[in-house]
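Residue numbers (our numbering), protein chains in the order written: chain A, 1 to 425; chain B, 426 to 910.
Just so you know, even glycine gets a beta-carbon here, dropped at the ideal spot from N, CA and C.
Take a look at the structure set out below.
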C-alpha cells in the first residue's frame, strides 16, 4: 500500500514537472513592443509547451548577428524584406513546410511572399497620407487624394516628408512612387512635394505625432502609424494614394533551427486566423495577409486585397530592395542637401507660371528642375548598388559630382523663372 | 488677475483647498480629546471643501484631459516647446526594445545578461500598471519578485541573496541561464458585505520553479510586485519633503498613523526620505529609473554601473557588456525628464451627482486620511512648470500598516512586512482603459478597485468596514467617484 502511494506521488511529481517544462522558441525580430506583447501572450496561451524568447535586432545588426556561428535562432519574424531576400539566397532558411492555404503570394501586382517558398508575408503595411482634418479646413486646403495632390503650392509648409536615409520605412515609400509613376515622373512628384515639405529625419512615429497634434497638416507615412493613432482617438485621418505601395513583413524558419516543432508552431500561429486577427489591435493596425480575416475587420479598416482589384501596378520588390541605398543617396542629393535651393526654385517656377504659361524659358526651367543624375536603368547596376551599400570612396566622389550638377541645374532653373518674373510684360 | 482668480498665496502657490494637514507645524499638538475631535472635524470639513472644489485655474497646465488609451502618455501642457526633443528622446528610450551586446546599435544595446523584460513598456503597458498572471503557466510579464534574506545591505535596505541578488530575473541572454520562474496560483475566499452581496477575493501564492542557481533557503523573503503607473511622478517628486514629513504628525482618525521611509540615495550617498515604489523604498525618480534599468533589464547606468550578476553567476559575469555604462548620462537624463513631464489625468465627471456623492462617501469612510486628495509642489528646477502647483494625487506618500492579509513579511528599509506606501489614486479610473488586464494592490490580486478596498486592513480596517457596511447604491457611488479619478 505504501509502495503504491509512493509510486502515485512520484507520478504526480513527474506529471507536474512535465506540465511546467517549457521549451524555448527563439525568434529574431525588430518589431516594437506593441506588436511583440500580444503575439507573445497569445502564442504562449495557444501553445503552453513553448516559451517565446525574442532576440531584438534590426537591419544590418540582425544580419551581423545571424552571420555569427552558433547564433541559435529558430525563427526570423520582422519587417526587413531585404534581409529575408539575402538570407534566402544564402540558404539560411528551410522551406516553410506548414499549412499556407488561404495566404495569397501577391496583393494585386505586389509580390509579398517569396515565390520559392522560403519566407512568407506575415503582414503588410501601406503607404499614404496622414492628415489633420481640422487643420486642413482651417487653412482651406483640400483633403489629398493622391501623392500628386501634395505638389500644389497651396500645401507649401504644411507637409511632412520622411528622409529615406534616416527613416526606416521611407526608402520603400520613395521607391513605390518611382515605380508607380515611372522614374522621371516619380522624381518630379517627389521633388515638388519636397519643395512644399518639412523634411523629417527622426524615427517613424513622429510624423503621426506632428500631424495628430496639428503641428503639420499632412504627412507621408505608413498606414499603421496613423491608423493606430486614429484607433486611439487622436484627431487625424489617413488616406491612400490612387496606387497603393506596400511594405510586407515576413516569417521564416532557419535551416539550423534547434526547436523545429516550436518554430513551425510559431510561424503557423503568426499566419493563423488568430494570429492575423491580432494585427487589427488598436496599437498595431497592420494589414493581415490572410484575406478571410477581413471579414471581421473593424469598420473602415482598409482591405488591400479589395483595393488591389481597383487600382494595381506591378512592383518589382527585388530591384527596389537592391537599390535602396542608391535611391536614398540620390534623394539626399536631389532633396535633402539642396532643400532650400529646391524650395526657392519651385517657388520661382510656380510664380512664373502664374504670370505666363507660354514663355519657352518656363519649359527650359522645368527641364533643369527635373534633371536627374542617373537613369532608372543605371540604378539597377549591381556594382553601383554595392558602391552605395558599402559607401566606398566612389560613392563619395559620385555624390560630390551630383551635388555640383544639381546645384547648377537648380540655379539655372531659378534664374530662368526669376527672369520671367522680372521681365516686363 | 491670476492671483485674484485662484487665490495664490505669497509664496506663489495656489492654495485653494490645499492639503490642510500639511499646514500645521509639527510642534503644535493638541492634547485634549476635544481638541483632537475638533481638529479632526475641521480636517474633514476642509477635505470636503477640497473634494468639492472645481478645477484650479492652472490645473490644466499640469494635467491632461485625455481619457483615451493614451491618457498616461501625455506631456504636461505647460512643458516648454524647447523641451519637446528631450521628452521625445525619453519616450523613445521607454519604448525601446533593448538589444543584447555586442551590437552595431551601441546606443540601444546592453540588455542582460539577466533580465525580466526587453523594454520599459513591456511591463508598463501604455505607461500604466501591471497585472498578475492568470495561470501558473503564464509568465510574469508585468510583475516581478523581490528577494532578500534577513539582515541589511549596509544602508538599512534589504539584504540581497548571495546567488540570486535582490530580484528574480527569469531570463538570460544566450549562454546565461535565467534564474528561474515564479508561478502564480490563487486561493479564493468570499467576503460578505452588510447588504448580503458576496465579493470573491483572490490571494496569490507564488511558487518558484526551474531555479538555476540553487534552492531558495528557508529564510528567503519574497515579495511579488506589479509595475506601477509612470505618470505624475515628477509632480510627486516636486512635493517638498517637509510637507510629507508634516503629514506624519497631522491629526488623523483613530487608528491611522503613517510614517516616512528613509532609504539610501545612491547619488548623495546617504539615507533620505523615500517616496517612490510600493514601500516608498526609492528616494527619487532618477534612482527609480536607473534601478529599473539595471534590475529589470540588466542595463547599467552612471548611477548603477555594475551588471546585475552575483558572485555565483559565472556565465553572467563573463557575458559581454555594451559599454560602461550601457545607458549614458544623456540617456538617463532624457528618461528622467520624460517621467518628470508625464501629466496626470484630470478628474472627469466631477459635477456628476453620483460622483459627488461618492466623493463624500470617500471622505466619510476616512479613505482621504491616507489617500490625501491634495498636495502642493515646491520649487522644481528640472521642470519649473511643475513648481508651486496644487496637485490631486490622493496619497500622503507615507507608509501604513495594511494588516496581515496584505503583508509580504519582507522589510524594506524602515517599512515593515505589513507596511505599504499609500498608492496615488489619480488616473486610477482609466487603468482598465489603458490596459484591460490592469490589476490593483502591490501584487495585482485585486481585479477591481472595490476588491482592493476590501483587502484594506490594519490602519485602514475602519475604512474597509465602512465600505462593507455601505448600501449597494453608496458602494456604486464610491466606485463611480474612484472611476472619475
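- Taken through DSSP and simplified to helix, strand or coil, residue 699 of chain B comes out as strand.
- Annotation: the continuous beta strand (DSSP E) that includes residue 608 of chain B extends over 606-617.
- By the neighbour-count criterion, in which a residue is buried when 16 or more other Cβ atoms sit within 10 angstroms of its Cβ, residue 644 of chain B is exposed.
- A direct Cα-to-Cα measurement between residue 901 of chain B and residue 484 of chain B gives close to 27 angstroms.
- Per the Cβ contact rule, the stretch 856-863 of chain B is not in contact with the stretch 817-836 of chain B (fewer than 3 Cβ pairs under 8 angstroms).
- The C-beta of residue 143 of chain A has fewer than 16 other C-beta atoms within 10 Å across all chains shown, which makes the residue exposed.
- Chain A places no beta carbon closer than 9 angstroms to that of residue 655 of chain B, leaving this residue out of the contacts.
- The DSSP-derived three-state label of residue 181 of chain A is helix.
- Between the stretch 831-849 of chain B and the stretch 634-653 of chain B there are three or more inter-stretch CB-CB distances shorter than 8 angstroms, so the stretches are counted as touching.
- Following the DSSP letters along the chain, one finds residue 904 of chain B inside the alpha helix (DSSP H) bounded by residues 897-909.
- Residue 225 of chain A and residue 285 of chain A have their alpha carbons spaced roughly 8 angstroms apart.
- Between the C-alpha atoms of residue 775 of chain B and residue 782 of chain B there is a straight-line separation of about 10 angstroms.
- Exclusion of the five residues before and after residue 281 of chain A leaves 38 as the residues of its chain whose Cβ lies within less than 7 angstroms of its Cβ.
- Annotation: the continuous beta strand (DSSP E) that includes residue 627 of chain B extends over 623-634.
- Residue 93 of chain A is bridged by DSSP to A/254.
- Note that the stretch 258-278 of chain A touches the stretch 43-56 of chain A; at least 3 beta-carbon pairs, one per stretch, sit closer than 8 angstroms.
- Straight through space, the alpha carbons of residue 167 of chain A and residue 157 of chain A are spaced by roughly 20 angstroms.
- Here DSSP, grouped into helix, strand and coil, assigns residue 860 of chain B to coil.
- Rounded to the nearest whole angstrom, the CA to CA distance from residue 210 of chain A to residue 514 of chain B is 15 angstroms.
- Chain A places a beta carbon closer than 9 angstroms to that of residue 524 of chain B, counting this residue as a contact.
- Less than 9 angstroms divides the Cβ of residue 489 of chain B from the Cβ of residue 502 of chain B.
- For residue 494 of chain B, the chain A residues whose Cβ falls inside 9 angstroms of its Cβ are 231, 232, 233, 282 and 283, in order along the chain.
- Within the stretch 596-610 of chain B, those residues whose Cβ lies closer than 9 angstroms to any Cβ of chain A are, in chain order, 596, 598, 599, 606 and 608.
- The three-state reading of DSSP puts residue 370 of chain A in coil, since its state is none of H, G, I, E or B.
- Among the residues facing chain A, residue 810 of chain B is not included, as its CB has no counterpart in that chain under 9 angstroms away.
- Counting only the Cα atoms, residue 845 of chain B lies some 23 angstroms from residue 632 of chain B.
- In the structure shown, residue 887 of chain B falls within a helical segment according to DSSP collapsed to helix, strand and coil.
- Between residue 209 of chain A and chain B, the shortest Cβ-Cβ separation is below 9 angstroms.
- The beta carbons of residue 527 of chain B and residue 747 of chain B sit about 7 angstroms from each other, so the pair counts as a contact at 8 angstroms.
- Listed along chain A, the residues sitting closer than 7 angstroms to residue 546 of chain B by beta-carbon distance are 33.
- At a Cβ-Cβ threshold of 9 angstroms, residue 33 of chain A and residue 522 of chain B count as neighbours.
- Counting only Cβ-Cβ distances below 7 angstroms, residue 743 of chain B has no contacts in chain A at all, with the closest Cβ about 16 angstroms away.
- Counted as a single uninterrupted DSSP element, the alpha helix (DSSP H) harbouring residue 38 of chain A occupies residues 33-46.
- Positions of the beta strand (DSSP E) runs, each at least 3 residues long and wholly inside the stretch 546-599 of chain B, are given as 568-577 in order along the chain.
- The C-beta of residue 513 of chain B comes closer than 9 angstroms to at least one C-beta of chain A.
- The DSSP-derived three-state label of residue 299 of chain A is coil.
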